[in-house]
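Working notes, structure below.
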Amino acid sequence: MNRRGFLKTTSAGIILAGGTVSWAQSGTRPLPKIQMTDLIDGIDGRIALSLSNTTHDFGNGAASQAFGINNSYLGPVIRVKQGQTLPFDITNGIGETSTLHWHGLHIPGDVDGGPHQEIAPNATWSPDVPIVQHASMNWFHSHMHGNTAQQTYKGLAGVMLIEDDASLSADLPKTYGVDDFTLVLQDKTFDSNGKMSYVLTGEVFEDGFEGDTLIVNGAIAPVSQPVPTGLVRLRILNACNARFLGLSMASGPITVIASDGGFLPSPVEADSILMSPGERYEVLVDMAAFGANALEVNLNGGNGGFLANLFGGDQTLTALSLISNGTKGAADTMPNRLANLSSPDPSQATVTRSFQLNMDGNADLAALALAWGNVCGEGVMGINGQPMKMDRIDEQVRKGDTEIWRISVDDMLHPFHIHGCSFRILTQNGAPPPNYAQGWKDMVHVEEGWSEVLVKFDYQANADAPYMYHCHILEHEDCGMMGQFTVT
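This is how it looks when you write it as structure tokens:
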């Protein structure tokens, strides 16, 4: 455990022991089903997404000021098929400049929705987004330079499910809201009036925003859902700003079938999985084995250590209770094979690049960073000694080349994300990744030693619309821990 982890664990443990903060939630609500826009059978005209100022009740009776995308909070689940091109009209009605980034999509830089594709207030951005990749769970969220964290926290985030011929024909649960559920996990803080709160402090800039209340699909956890007897599919997104989540099942192992970029070769059983902000995993739950089960979430990621356990800071919460409704499920046999996926071959790489994520910069650099649009209080963060600068290209990649990217940090645990691609993890924190993270990914954890990924970029990103690479603790991204690169 590093210095920041030690300080956070001990202080959280003491606060919890003193009784001034409660991680537990009371009462159980029905699982909200996020509205689905299902485009599998075809697209009729342009697809309207409206970013709006709204109010939203998270289940405590208070109307919180929020952002929504065609909803009072969050965006729809958009279900599409490989080979389609999605003609979006995205209208910005939130009263401030924003963007909408397609996290996980393999698309050219000019439709990626990064900080260079700003949408002014009351303006409409109309990208035609090609869907070329295999079945996978992706998402979209604000990527407004210097304001990503607050806009995403307030609700500018949604899910995109890509299907292909193989996933549609697979013997897997696929009836949305019956045996196939999308779960958006977040953490929030509420003020004394029960309204969602987001306050930037020096600690928040340093560690990222971490709330004390677990939210599932916009409702305070725990939530519950009746399901058929058989296999139930949970497609899970960690949409927290900064919090790593430890996921497990109340009964039996957690069975993972897919990661960020698609299916694993076969199901992987684990006692628990660690999800960073921005990561996605798909899980199968066998309801024939247990009449009831529950998805449990550890808000410390399960890595709080001895002191967190001693002071009660490592508590696990029930996110979702599943209860059999007695009906027979459509799928009842755990699959043996899911995808053909060979082991990554590092010898294919012709270029190796190294990146160090920097937590602390000097006062002169902080002044420059502020002038460059980074929002970080009195400090600054960066990569390879430089905070983000919108008109500086940090790396130039040749289209079609296979590369090794090596990432290290000078303090604490970070999630690292690369735009425009999926990659394979060679090492994570100096060791092989866990079995459930050995498929296609666009997120890797970085803390101890080097994390290395094998990556190839197949789509163009020019200097006027480059790709980003960054820490996915959103306050760190806003603070300058981000760079940009072209692919030509």
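FYI, the numbering for the sequence shown is 1 to 488, going by the UniProt record's numbering.
Backbone N, C-alpha and C define an ideal beta-carbon position, used for all residues, glycine too.
**Prompt:** In or out: A289 buried (at least 16 other Cβ within 10 Å) or exposed?
**Reply:** By 1-based counting over the sequence shown, the position of residue 289 is 289. A289 comes out exposed.
**Request:** Kindly give me the distance between the Cβ atoms of V223 and V216, rounded to whole angstroms, as I take these residues to be in contact under 8 Å.
**Result:** Within the sequence shown, residue 223 is the residue found at index 223, counting from 1. Within the sequence shown, residue 216 is the residue found at index 216, counting from 1. The C-beta distance from V223 to V216 rounds to 5 Å, short enough to meet the 8 Å contact threshold.
**Request:** List the whole-angstrom C-beta distance separating D164 from Q82, where the pair is believed to meet the contact cut-off of C-beta under 8 Å.
**Result:** Residue 164 sits at position 164 when you count from the first residue of the sequence shown. Residue 82 sits at position 82 when you count from the first residue of the sequence shown. Going by Cβ atoms, the distance from D164 to Q82 rounds to 4 Å, so yes, they are a contact pair.
**Item:** C-alpha gap between G61 and G194, whole angstroms
**Value:** Here residue 61 corresponds to residue number 61 of the sequence shown, with the count starting at 1. Here residue 194 corresponds to residue number 194 of the sequence shown, with the count starting at 1. Distance between the alpha carbons of G61 and G194: 8 Å.
**Prompt:** Between the C-alpha atoms of L426 and Q438, what's the straight-line distance to the nearest angstrom?
**Reply:** Indexing the sequence shown from 1 puts residue 426 at position 426. Indexing the sequence shown from 1 puts residue 438 at position 438. Spanning the two alpha carbons is a distance of roughly 8 Å.
**Prompt:** If you draw a straight line from the alpha carbon of L338 to that of M275, how long is it in whole angstroms?
**Reply:** As a first step, residue 338 is located in the sequence shown; it is residue number 338 there, counting from the start. As a first step, residue 275 is located in the sequence shown; it is residue number 275 there, counting from the start. Cα to Cα, the separation comes out at about 21 Å.
**Request:** List the DSSP bridge partners of F457.
**Result:** Within the sequence shown, the letter at position 457 stands for residue 457. DSSP output for F457 lists no bridge partner at all.
**Item:** Identified DSSP bridge partners for W102
**Value:** Counting from one through the sequence shown, the residue named residue 102 turns up at place 102. F140.
**Message:** Can you list, in chain order, the residues of its chain with a C-beta nearer than 6 Å to that of G155? Leave out the 5 residues immediately preceding and following it.
**Reply:** If you number the sequence shown from 1, residue 155 lands on position 155. So the list reads A66, F67, G68, Y73, L74, once near-sequence residues are dropped.
**Request:** Kindly provide the ranges of any beta strand (DSSP E) runs that are 3 or more residues long and lie completely inside the UniProt domain "Plastocyanin-like" (222-288), ordered along the chain.
**Result:** Here the runs fully enclosed are 223-229, 231-238, 245-249, 254-259, 262-270, 273-275, 280-286.
**Message:** Within 10 Å of its beta-carbon, does N298 have 16 or more other beta-carbons around it, so buried, or fewer, so exposed?
**Reply:** Along the sequence shown, one-based indexing puts residue 298 at 298. By the neighbour-count criterion, in which a residue is buried when 16 or more other Cβ atoms sit within 10 angstroms of its Cβ, N298 is buried.
**Request:** Determine contact between the segment 276-285 and the segment 439-448, defined as no fewer than three beta-carbon pairs at a distance below 8 Å.
**Result:** In short, these stretches touch, since the Cβ pair count reaches three.
**Message:** Using only CA atoms, which one of I407, L100, E96 lies nearest to A120?
**Reply:** By 1-based counting over the sequence shown, the position of residue 120 is 120. Checking every option, the nearest Cα to that of A120 belongs to E96.
**Prompt:** Is it true that the CB of R406 sits closer than 7 Å to the CB of W450?
**Reply:** Residue mapping note: residue 450 aligns to position 450 of the sequence shown, counting from 1. Residue mapping note: residue 406 aligns to position 406 of the sequence shown, counting from 1. Contact flag set, yes.
**Request:** Using three-state DSSP, classify E163 as helix, strand or coil.
**Result:** Sequence index remark: in the sequence shown, residue 163 carries index 163 (1-based). It is a strand residue.
**Request:** Identify whether F205 lies in helix, strand or coil by the three-state DSSP scheme.
**Result:** Start at 1 with the first residue of the sequence shown, and residue 205 comes out as number 205. Three-state result, F205: helix.
**Message:** Counting C-beta neighbours from all protein chains within 10 Å, is the total for Y469 16 or more, i.e. buried, or is it exposed?
**Reply:** What you label residue 469 is simply residue 469 of the sequence shown in a count that begins at 1. Y469 is buried by the Cβ-count criterion.
**Item:** Beta carbon of I90 nearer than 7 Å to that of L100
**Value:** The residue labelled residue 90 in the question sits at position 90 within the sequence shown. The residue labelled residue 100 in the question sits at position 100 within the sequence shown. Going by C-beta atoms, I90 is nearer than 7 Å to L100.
**Message:** For S167 and G385, what's the separation of their Cα atoms in angstroms?
**Reply:** The residue labelled residue 167 in the question sits at position 167 within the sequence shown. The residue labelled residue 385 in the question sits at position 385 within the sequence shown. The C-alpha of S167 lies about 43 Å from the C-alpha of G385.
**Prompt:** For V178, which option in I323, V487, V409 has the closest C-alpha, if you only look at C-alpha atoms?
**Reply:** Position 178 of the sequence shown, counted from the start, is the residue given in the question as residue 178. With distances taken between Cα atoms, V178 lies closest to I323.
**N- and C-terminal bounds of the alpha helix (DSSP H) containing Q428** = For the purposes of this step, residue 428 is taken as the residue at position 428 of the sequence shown. Taken as a continuous stretch (DSSP letters only), Q428 belongs to no alpha helix (DSSP H), as it is neither H nor E.
**Request:** Please say whether S50 and N70 have beta carbons closer to each other than 7 Å?
**Result:** Residue 70 sits at position 70 when you count from the first residue of the sequence shown. Residue 50 sits at position 50 when you count from the first residue of the sequence shown. Against a cut-off of 7 Å, the Cβ pair of S50 and N70 comes out as a contact.
**Message:** Using 7 Å as the threshold, is the C-beta distance between T319 and L284 below it?
**Reply:** On the sequence shown, residue 319 is found 319 positions in, with the first residue counted as 1. On the sequence shown, residue 284 is found 284 positions in, with the first residue counted as 1. It should be pointed out that residue 319 corresponds to Ala in this sequence rather than to Thr. Taking 7 Å as the Cβ cut-off, A319 and L284 do not qualify as a contacting pair.
**Message:** Between the segment 449-467 and the segment 179-190, can you find at least three pairs of beta-carbon atoms closer than 8 Å?
**Reply:** Taking 8 Å as the limit for Cβ pairs, the verdict is that the segment 449-467 does not touch the segment 179-190.
**Request:** Below 7 Å CB to CB, which residues in the same chain sit around I393 once its five sequence neighbours on both sides are set aside?
**Result:** Along the sequence shown, read from residue 1 onward, the residue named residue 393 stands at position 393. Beyond the five residues adjoining it in sequence on each side, I393 comes within less than 7 Å, by CB distance, of A463, P466, Q484, F485, T486 in the same chain, given in chain order.
**Prompt:** Could you give the distance in angstroms between the alpha-carbon of T213 and the alpha-carbon of A221?
**Reply:** Here residue 213 refers to the residue found at position 213 when the sequence shown is read from its first residue. Here residue 221 refers to the residue found at position 221 when the sequence shown is read from its first residue. Approximately 8 Å, taken between the alpha carbons.
**Request:** Could you give the DSSP three-state label for L185: helix, strand or coil?
**Result:** Indexing the sequence shown from 1 puts residue 185 at position 185. Strand at L185.
**7 Å Cβ shell around H141 - same chain, five flanking residues per side excluded** = Counting from 1 along the sequence shown, the entry for residue 141 is found at position 141. Around H141: H101, H103, T152, L156, A157.
**Asked** If we ignore side chains and look at the alpha-carbon of each, how far apart do R29 and G146 end up?
**Response** To locate residue 29, count along the sequence shown from 1; it is residue 29. To locate residue 146, count along the sequence shown from 1; it is residue 146. CA-CA distance, R29 to G146, rounds to 35 Å.
**Asked** Q151 by DSSP, collapsed to three states: which one?
**Response** Taking the first residue of the sequence shown as position 1, residue 151 is located at position 151. For Q151, the secondary structure class from DSSP, reduced to helix, strand or coil, is helix.
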